[in-house]
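A.B. asks: What follows is a structure written as structure tokens; I'll ask about it next.
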Ligand SMILES: C[S@@+](CC[C@H](N)C(=O)[O-])C[C@H]1O[C@@H](n2cnc3c(N)ncnc32)[C@H](O)[C@@H]1O
């Protein structure tokens, strides 16, 4: 285990109590992804929510498709414990090590807002696709490069490091799938969230557990410079943009 994965787990663990209340974008995205999975023709086999956290995506799928009972896979115990799913459906597992045994012959491997945390998202995506049963489905929603443009702009103008989490390239993810099969859905989504000021946004990231490796601390002087250069909209709000990619593919 690397120091940064330990930081990440500790940060998510400490934020677990707030996560469900704060993670509105994650909930909206999970609902949308589950909606796409609502009527997929699935072969027999297990369904897994990878990087499930408190089971946001598994819960959204269960509400839209009650016949499915997904396994929840995550390596952060405090987040998993918040899930409504019974403990025997929860798998404490580090996805950087590949998939857990429960994924053998999977009918559906799905993941929302988690793939970008893995050390090599492209390799893991190919690994996931290869572990599906023939006719099984991959359904992924993930923030990608291009997000946080206001933050990057502020860092450039202020001459300080941009400590936002590095996100995978959306086209590289698509190509990772295309090495095996053409995705049946490839959707780009852009969400902009307004905050009263940049500190409110950074506080929210902390409350969601997205710190540590995601936003390494700046010294106080650099942070003040960064905040001074953060672009506002014409109503004085700080705008934060997420670029998201939704990908669905069926293994031949
Ligand atoms: C932003 S949360 C998203 C949780 C949930 N999918 C949702 O949409 O609300 C990212 C999740 O990925 C998990 N995660 C990150 N890296 C992981 C790894 N290497 N192995 C297992 N889970 C991991 C974190 O513990 C966390 O629960």
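In this note's numbering, the protein residues as written are 62 to 313.
By construction, the Cβ of each residue, glycine as well, lies at the ideal position given by its N, Cα and C atoms.
(1) Taking C-beta to C-beta, are residue 131 and residue 156 nearer than 8 Å?
(2) Going by the CB atoms, is the gap between residue 259 and residue 299 shorter than 8 Å?
(3) In terms of residue numbering, what span does the alpha helix (DSSP H) encompassing residue 308 cover?
(4) Strictly by DSSP, which residues pair up with residue 85?
(5) Under the criterion of a Cβ to heavy atom distance below 7 Å, does residue 175 qualify as lining ligand 1?
(6) Return yes when at least one heavy atom of ligand 1 lies under 7 Å from the C-beta of residue 22, else no.
(7) Under DSSP, the beta strand (DSSP E) around residue 117 begins and ends at which residues?
(8) Fully enclosed by the stretch 227-289, which alpha helix (DSSP H) runs are 4 residues long or longer?
(9) Using only the alpha-carbon positions, how far apart do residue 138 and residue 115 sit?
(10) Just to confirm the assignment, what range does the alpha helix (DSSP H) spanning residue 210 have?
(11) Taking the C-alpha atoms as reference points, what is the distance between residue 274 and residue 218?
(12) In the DSSP assignment, the alpha helix (DSSP H) including residue 183 goes from what residue to what residue?
(13) Look up residue 157 in the DSSP assignment and say whether it is helix, strand or coil.
(14) Along the chain, where does the beta strand (DSSP E) containing residue 32 start, and where does it finish?
(15) When we look at the beta-carbon of residue 169 and count the other beta-carbons within 10 Å, is it buried (16 or more) or exposed?
(16) Assign residue 96 to one of two classes, buried (16 or more other C-beta atoms within 10 Å of its C-beta) or exposed (fewer than that).
(17) Under 8 Å between C-beta atoms, does residue 235 make it to chain B?
(18) I'd like to check one pair, residue 252 with residue 303: are the Cβ atoms closer than 8 Å?
C.D. replies: The structure says:
(1) no
(2) yes
(3) From DSSP, residue 308 is part of no alpha helix (DSSP H) but of the beta strand (DSSP E) over 299-311.
(4) In the DSSP output, where bridge partners are listed per residue, residue 85 has none listed.
(5) yes
(6) Examination of residue 22 is not possible in this model, given that the chain is present from 62 through 313 alone.
(7) Note, residue 117: premise wrong, no beta strand (DSSP E); alpha helix (DSSP H) at 117-125.
(8) 231-239, 259-268 and 281-289
(9) 10 Å
(10) 210-219
(11) With a pLDDT of 41 at residue 274, under the threshold of 50, the modelled position of this residue cannot be trusted; read the value that follows with caution. Straight-line Cα distance between these residues: approximately 23 Å.
(12) 182-191
(13) helix
(14) For the chain, the structure presents residues 62 to 313; residue 32 sits outside this window and is missing.
(15) buried
(16) exposed
(17) Of the protein chains in the structure, only one exists, and it is not chain B.
(18) yes
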